[in-house]
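Position one of the sequence shown corresponds to residue 78 (my numbering), numbered consecutively onward.
Structure first, then comments.
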Amino acid sequence: MVAASHFAAFVDRSLPAVVAPLIRTQFGLNDTQIGLLQGPAFSTLYAFGLLGAGHFIAGRNPYRVAAACVIVWTAGAVLFALAPDYPSMLAARVALGLGQAAFVPAALMLLTAQDDAGRRARALSTFTTGSATGRSAALVLGGAALAMVAGRAVAGLEPWRAACLALALPNLVLIALLVWSGRGHETVVREPGQGLGDAFRLLGRRWRVFAPLLIIGACAVLMIQATAAWSPSILNRSFSLTPAQAALVAGAVALSFAPLGHLGGGWTLGSPVGRRFGAGPLLAAGMALALVSVVALASARGLPMAAAGLAGLTVGGGFTAVIALIEVQALTQPRLRPQVGAVYLAFVSLIGVGLGPLLTGIVSDHGGTGHGALTWAIAAVVSVAAIVGAGVALAFAGRRALDASV
């Protein structure tokens with residue numbers, strides 16, 4: 078149920094990627110404005126909300142908090158669908174981000190209470206798979222909705238507005254399920270040393286271990302968000318697909334390969350191979366796969382090669398992101414996992430979600446007016462993130478090996 082809610086959160090979060098070609102034309106927007114809508118408008122207050130939620134959630138019933146989050150972000154999704162202009166769309170994205178901010182700490186409280194490391198890793202990888210499949214399902218379902226209406230208005234609404242509203246409706250079922258599941262669960266009592274300040278003090282004391290994971294996680298999320306935000310637009314511009322066709326192709330690729338990255342990361346880290354080599358080499362391998370894949374995407378002359386590049390990016394980014402999250406949780410004592418998780422996710426969201434789509438849009442706008450400008454923009458952004466992330470991952474592996482020998 079928690080993974081299903083995470084799925085829904087990412088469907089609503091990712092819909093601007095589906096409708097970007099349409100709202101770009103309707104409102105006369107450039108790529109930088111689209112990037113701002115998909116990135117900072119959502120992530121800035123989302124990141125700071127995560128920090129506040131990491132402190133607040135320690136003394137609350139996580140089911141009730143999760144239900145309240147779904148209510149607020151559904152309202153934001155509806156406002157986005159009905160927004161009359163670009164500033165209203167930005168405001169709706171801010172509301173969506175605020176509504177989703179407390180959900181992840183509430184989910185982490187439920188998932189990380191398990192003492193068994195293997196079960197905890199599998200639970201977290203299943204949870205993050207909900208985000209990956211939600212992101213890809215937004216493309217598939219949004220593309221299918223656009224194809225069904227075939228450019229016709231629905232109840233007086235433009236097709237993209239009708240599609241966004243239709244995909245927000247299932248949230249009402251989730252709200253009811255979360256409220257029902259919370260029955261009989263008492264409010265969680267805050268234990269000593271569960272505040273946000275305690276989490277920051279832990280991160281400060283062990284910054285040599287946690288800082289590399291923060292950087293790697295931010296680089297991985299940046300790659301994921303840049304790819305997810307712009308892949309339909311790349312296919313639309315480079316291969317003359319309609320917005321509906323581009324969303325369906327990008328969504329099919331992501332839906333097929335995102336679970337492989339996220340579930341593969343959790344299972345590999347908990348396997349004998351993961352226990353033997355540790356997280357560092359696995360993190361570097363994920364970054365290397367993303368780097369090779371984005372080169373394939375940038376040099377693709379046909380749709381199959383472009384789809385293969387997107388598939389590799391999806392697997393590499395998800396594989397790296399989930400291993401970094403699992404390592405952060407493994408290095409944290411149980412009573413502080415929700416708070417440290419909130420700090421970690423706030424940081425990677427502020428950097429990865431905030432900058433990935435926006436930087437790609439800025440580079441695209443300054444890289445020329447041809448159809449290939451956006452493809453080379455995402456190649457540049459992802460390549461830098463992958464190289465930085467791989468270097469830090471190898472340094473992290475060396476540090477962990479030194480600590481173990483000592």
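C-beta atoms are modelled at their ideal positions from N, C-alpha and C, and glycine is treated no differently.
Quick caveat, the model's predicted, so the values are computed rather than measured.
Coarse secondary structure for residue i, derived from DSSP in three states
i, result
"Leu427", "helix"
"Arg267", "Residue placement at Arg267 cannot be trusted, given a pLDDT of 49 that sits under 50; the coordinates are not used to answer."
"Thr397", "helix"
"Arg137", "coil"
"Gly355", "coil"
"Asn248", "helix"
"Leu213", "Looking at the sequence shown, residue 213 is not Leu but Ser. Looking at Ser213 - three-state DSSP - the assignment turns out to be helix."
"Ser348", "coil"
"Gly338", "helix"
"Ala377", "coil"
"Gly272", "coil"
"Leu413", "helix"
"Leu254", "helix"
"Phe277", "helix"
"Arg283", "coil"
"Leu479", "Residue placement at Leu479 cannot be trusted, given a pLDDT of 40 that sits under 50; the coordinates are not used to answer."
"His83", "helix"
"Leu318", "coil"
"Ala179", "coil"
"Met78", "coil"
"Leu408", "coil"
"Leu438", "The amino acid occupying residue 438 in the given sequence is Gly; Leu does not appear at that position. Gly438: helix per DSSP, three-state reduction."
"Cys296", "helix"
"Gly449", "coil"
"Arg260", "coil"
"Gly219", "helix"
"Gly444", "coil"
For residue i, the residue or residues it bridges with in DSSP
i, result
"Val231", "Leu234"
Contact check, residue i vs residue j, beta carbons under 8 Å
i, j, result
"Val96", "Gly219", "yes"
"Pro411", "Pro182", "no"
"Val417", "Met300", "no"
"Leu185", "Ala423", "no"
"Gly343", "Gly393", "no"
"Ala306", "Ala94", "yes"
"Ala303", "Ile455", "yes"
"Ala463", "Pro358", "no"
"Ala81", "Leu251", "yes"
"Asn107", "Asp442", "yes"
"Ala383", "Leu216", "no"
"Pro309", "Ala324", "yes"
"Ser91", "Arg212", "yes"
"Ala214", "Val88", "yes"
"Ile292", "Thr397", "no"
"Leu188", "Leu201", "yes"
"Ala158", "Cys241", "yes"
"Phe334", "Gly207", "no"
"Trp150", "Ala86", "yes"
"Leu51", "Gly116", "Here the chain comprises residues numbered 78 to 483, so residue 51 is not present and cannot be evaluated."
"Leu114", "Leu167", "yes"
"Leu255", "Val147", "yes"
"Leu451", "Arg314", "yes"
"Leu408", "Val286", "yes"
"Ala413", "Leu234", "Per the sequence shown, the amino acid found at residue 413 is Leu instead of Ala. It is not a contact, given that the beta carbons lie outside the stated cut-off."
"Arg199", "Gly438", "no"
"Phe44", "Tyr163", "For the chain, the structure presents residues 78 to 483; residue 44 sits outside this window and is missing."
Nearest-angstrom beta carbon gap, residue j and residue i [assumed within contact, 8 Å]
i, j, result
"Leu374", "Leu390", "7 Å"
"Leu332", "Thr210", "6 Å"
"Leu402", "Ser120", "About 17 Å; that fails the 8 Å criterion."
"Val440", "Ala457", "6 Å"
"Ala130", "Ala179", "4 Å"
"Val405", "Leu290", "5 Å"
"Ala239", "Ala232", "7 Å"
"Pro434", "Gly112", "4 Å"
"Ala321", "Ala224", "4 Å"
"Arg141", "Gly259", "5 Å"
"Gly429", "Ala295", "5 Å"
is_contact[residue i, chain C] using C-beta, thresh 8 Å
i, result
"Ser310", "In the structure shown, chain C cannot be found, because there is only a single protein chain."
Taking only runs that begin and end inside the segment 106-170, name each unbroken alpha helix (DSSP H) of 4 or more residues, in chain order. 108-115, 117-133 and 139-159
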